[in-house]
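Worksheet: the structure to be examined is printed underneath.
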Amino acid sequence: MTNTSEAEALAALLNGDARTKPTVVVTVASGHTEPYADVERIAAEIGDLADLYLVTTGGHTWAFSNKMTPGTQVYGGAGRVYPVGLGWNVDLKQAPLRFAWNKSEGKKLTGQLIDDALDMAAAAGLFDSARTASTRERRAGTVRSIMSERALVDLDGGDMASIPPQLAQAGVPIERVLAPGMHVDGVLEKKSRWLDIRESRPTAEEALKTYAVGDIVPAEVRSVLAGSADLRLHPDVTVEVFRSDVTGDPDDDLQALLTPGEVVLARVVAAGPKWRLSLRDVREHDTAREALALYAGGPPWLDPDAPPPAVVEHVETVTEAPAPAARAPEVSAEPVPEAPPKPAIPTPAMMPRRKGEPVRAVRPAPAPEPAPTPARESAPAKKAAVQSMSLQVTAIKAEKAHLEAELAELRDQVSGLRNERVQFAKDLARAARQLETRDAELARMRSQLRRAKQRTAPPEVALPVFADRERGFRHLVEAAWARRIPVGEQPTRPLPDYAIGDKFLDSVDALEGITVDKIADVVMEVLTGLAEQSTGRELHQLRTSAGGNAAPQSRPDGAVCYRVSMQIHTPSARRLHFWKCPDGTIELSRVVVHDDMEP
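According to full-length UniProt numbering, the sequence shown is numbered sequentially starting from 1.
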């Protein structure tokens, strides 16, 4: 785009309803002939999924901006991708403005524009539209490496392809979706060399089948309000939790306890399709399940040990002030910038001025009209003409001296403003870094506060004390049942009668490394059948030997001994042994460490 008519036509295209693809607009900074972004790479990677326009600097930039809704323009070396539709005119976040302040930042700008274009193309369903056989083919291969937010794939046959997040799992970093060595298959776009593997991704329902009621699982905080929050168990499954699911204090503000983007541990209270989660009864010693892998053989999509994110929109950095000009630049309609420091947002000053719009009124004296020269002049006339011309030369010299002084003053002003602007940019960068640090500290404090509330019972609740040990343990089991089984499910999942063996309570007192309320939780799961549904409990018969065909441990009355995990992935992981009698009654036998195989 190099003239006013093209500029107005581009604005009309963006604001019309004829576009079926996203539109990438890259601009050239004033004083430059080439854009900071690599338009050839953008064109190669987006292929025919988006249209690409390059806007040079000139008066037509104003014509384009004047036709666009305020806040949706692009100029000064920046770039923007406009999605299909007109929602971006109202919600500016739909078409984010991407900045570059010099050529060295062009690579980052290029990657951002490509990712934006691919995201918008995926949202518009362009990856799923029918293509001819000449442009697409089914291929398979092995992930070689993860780099530059792409998975590089060695295809069967010797050539290569790459997988962006949009063609694996949009919104999740590619290193949390794929890993080197994984086998992948999908549809290869021959021109761009993108490999679309989404068809091979298990559905959320299939992936979540491994989670059962009672499991402690990672979840990502998507958004937080004062009384509720949205947690993601899977990129496609969001579960709403309420204040009572997180804290026992009705006055707590969840925004003080949870941070968007944070990974938390939650207990599954009810499984799909209507999932329910609770953070209240998750304790530090509880063993959590690993997050789901979005593809077979892939990495967990969430990392509970990752630090809470800091919410920072953009951090500016300025290394040094630009050197002042050695001599004053010539005044022209198009100013030539000298590597300006990064402003917070582009301003009209970064754009070429309208023709005739001055920085400051500087008016040179009009050139004198030449005196008519007659065919034959007398000596006095010639002398008078020479004197007149001499006066004019003197006036021009005086005007020139005045202009030079005025130009020197302008130069000083520009230099001062430039230094002041650099200092403002440095102050902004410093404030942004401090804000980032404070955000990270705030996120950590929220997490610590939430965990402290989980460890500490509400002050108004007093824990009961029983002289009878058996009665006290039965109370803990019943409390776990009432706490973890929703009221609506309690009639269909009652707590049955059970027996406590002679050695059980002594083993509870003697066993270290696990609390008695955790033991009561697992007992409740065994009694209500939750342990059978949880793969983490590893419920199985206790056999007479390590052989696969060994007979189960049994008693003369026909009772069979079972073993269930109370801990996993810990040294000397604790186990619960119990007898299942012929009439279905459960009798608790002992709690033991992993290597103790006695009933």
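C-beta: ideal position from N, C-alpha, C; glycine also.
Please read these numbers as outputs of a predicted model, since none were measured by experiment.
Element boundaries [alpha helix (DSSP H), containing residue i]
{"i": "W194", "result": "Here W194 belongs to no alpha helix (DSSP H); instead the beta strand (DSSP E) covers 194-196."}
{"i": "V39", "result": "39-46"}
{"i": "E598", "result": "Counting along the chain, E598 falls outside any alpha helix (DSSP H), and DSSP gives it neither H nor E."}
{"i": "V477", "result": "469-484"}
{"i": "E6", "result": "4-14"}
{"i": "V24", "result": "First-last for V24: 23-27, but that is the beta strand (DSSP E), not the alpha helix (DSSP H)."}
{"i": "V508", "result": "504-510"}
{"i": "H60", "result": "60-66"}
{"i": "I114", "result": "106-123"}
{"i": "A207", "result": "204-207"}
Same chain, Cβ closer than 8 Å to residue i, five either side skipped, listed in chain order
{"i": "D119", "result": "Q166, A170"}
{"i": "L92", "result": "G71, T72"}
{"i": "S572", "result": "G513, V593, H594, D595"}
{"i": "R360", "result": "Confidence in R360 is poor, its pLDDT being 33 and thus under 50, which makes the residue's placement unreliable; the coordinate value appears in the next sentence. The answer, listed in chain order, is L410."}
{"i": "R193", "result": "M160, A161, S162"}
{"i": "E149", "result": "G111, D115, P164, P165, P173, I174"}
{"i": "T319", "result": "Unreliable placement is indicated for T319, whose pLDDT of 34 sits below 50; the coordinate value is still reported in the next sentence. Excluding sequence neighbours, T319 sits near nothing in its chain."}
{"i": "F424", "result": "none"}
Own chain, CB closer than 6 Å to residue i, minus 5 neighbours either side, in chain order
{"i": "M597", "result": "none"}
{"i": "P151", "result": "The sequence shown places Ala at residue 151, not Pro. Taken in chain order, the residues that qualify are V143, I163, I174, L178."}
{"i": "K191", "result": "G47"}
{"i": "R276", "result": "V269, A270"}
{"i": "D51", "result": "K21, T23"}
{"i": "T132", "result": "Unreliable positioning characterises T132 in this predicted model, as indicated by a pLDDT of 48, which lies under 50. The coordinate reading is nonetheless provided below. Closer than 6 Å at Cβ, skipping near neighbours: no residue."}
{"i": "A328", "result": "Unreliable positioning characterises A328 in this predicted model, as indicated by a pLDDT of 34, which lies under 50. A coordinate reading is not provided."}
{"i": "P374", "result": "Reliability of the predicted coordinates at P374 is poor, the pLDDT of 48 falling under 50, and the value obtained from them is presented with this limitation in mind. Nothing listed; no residue qualifies."}
Proximity below 8 Å, CB of residue i to CB of residue j
{"i": "E137", "j": "L195", "result": "no"}
{"i": "G79", "j": "V25", "result": "yes"}
{"i": "V246", "j": "R283", "result": "no"}
{"i": "A37", "j": "L109", "result": "yes"}
{"i": "R222", "j": "T203", "result": "no"}
{"i": "A293", "j": "P300", "result": "yes"}
{"i": "T535", "j": "A212", "result": "yes"}
{"i": "T287", "j": "I216", "result": "yes"}
{"i": "A219", "j": "R446", "result": "no"}
{"i": "G141", "j": "A168", "result": "no"}
{"i": "V523", "j": "L449", "result": "no"}
{"i": "L511", "j": "V591", "result": "yes"}
{"i": "E240", "j": "D230", "result": "yes"}
{"i": "A29", "j": "T56", "result": "no"}
{"i": "R537", "j": "Q553", "result": "no"}
{"i": "H234", "j": "A207", "result": "yes"}
Contacts around residue i, its chain only, beta-carbon distance under 7 Å, and the 5 residues preceding and following it disregarded
{"i": "S145", "result": "L152, P180"}
{"i": "E478", "result": "L495"}
{"i": "D303", "result": "V263"}
{"i": "F578", "result": "V526, Y562, I586, E587, L588, S589"}
{"i": "L476", "result": "V516, D517, A520"}
{"i": "A95", "result": "T72, R80, V81, Y82, P83, W88"}
{"i": "P346", "result": "Summary for P346: the model assigns pLDDT 38, below 50, so the residue's position carries little reliability, and this model does not support an answer."}
{"i": "K103", "result": "Y36"}
{"i": "A349", "result": "Unreliable placement is indicated for A349, whose pLDDT of 34 sits below 50; no coordinate value is reported for it."}
{"i": "K580", "result": "A559, V560, Y562, I586"}
Residue i - containing beta strand (DSSP E), residue span
{"i": "K518", "result": "That residue, K518, is in no beta strand (DSSP E); its alpha helix (DSSP H) goes 516-528."}
{"i": "D51", "result": "51-55"}
{"i": "I216", "result": "216-224"}
{"i": "F99", "result": "Here F99 belongs to no beta strand (DSSP E), and DSSP marks it neither H nor E."}
{"i": "F242", "result": "237-242"}
{"i": "I500", "result": "498-500"}
{"i": "V213", "result": "Note, V213: premise wrong, no beta strand (DSSP E); not H, not E."}
{"i": "L576", "result": "574-580"}
{"i": "Y562", "result": "560-565"}
{"i": "L233", "result": "228-234"}
{"i": "R80", "result": "79-82"}
Short CB-CB distance (under 8 Å) between residue i and chain C
{"i": "Q541", "result": "The structure shown has no chain C; it contains just one protein chain."}
*Given 8 Å as the limit, is there contact between the segment 560-576 and the segment 526-545, that is, 3 or more CB pairs closer than that?*
These segments touch.
*Do the segment 218-232 and the segment 196-208 touch if we need at least three Cβ pairs shorter than 8 Å?*
Flag = no, the segment 218-232 and the segment 196-208 do not touch.
*Is it a yes or a no for the segment 504-517 touching the segment 548-558, going by three-plus beta-carbon pairs under 8 Å?*
Short answer: they don't touch.
*Between the segment 483-500 and the segment 266-279, do at least 3 Cβ pairs fall closer than 8 Å?*
With the cut-off at 8 Å, the segment 483-500 and the segment 266-279 touch.
*Please list the segments of the beta strand (DSSP E) lying wholly inside the segment 135-194, counting only runs of 3 or more residues, in order along the chain.*
Entirely contained in the segment 135-194, the beta strand (DSSP E) runs reaching 3 residues are, in chain order, 136-147, 150-155, 160-163, 183-189.
*Taking one C-beta from the segment 7-15 and one from the segment 26-36 each time, how about it: are there three or more such pairs within less than 8 Å?*
The segment 7-15 is not in contact with the segment 26-36.
*Write down every uninterrupted run of the beta strand (DSSP E) in the segment 257-298 whose length is 3 residues or greater and which is fully enclosed by it, in chain order.*
Segments of the beta strand (DSSP E) lying fully in the segment 257-298: 263-270, 276-278.
*asked:* What ranges does the beta strand (DSSP E) occupy inside the segment 387-434, keeping only unbroken runs of at least 3 residues that lie completely in it?
replied: None, since the segment 387-434 contains no complete beta strand (DSSP E) of that length.
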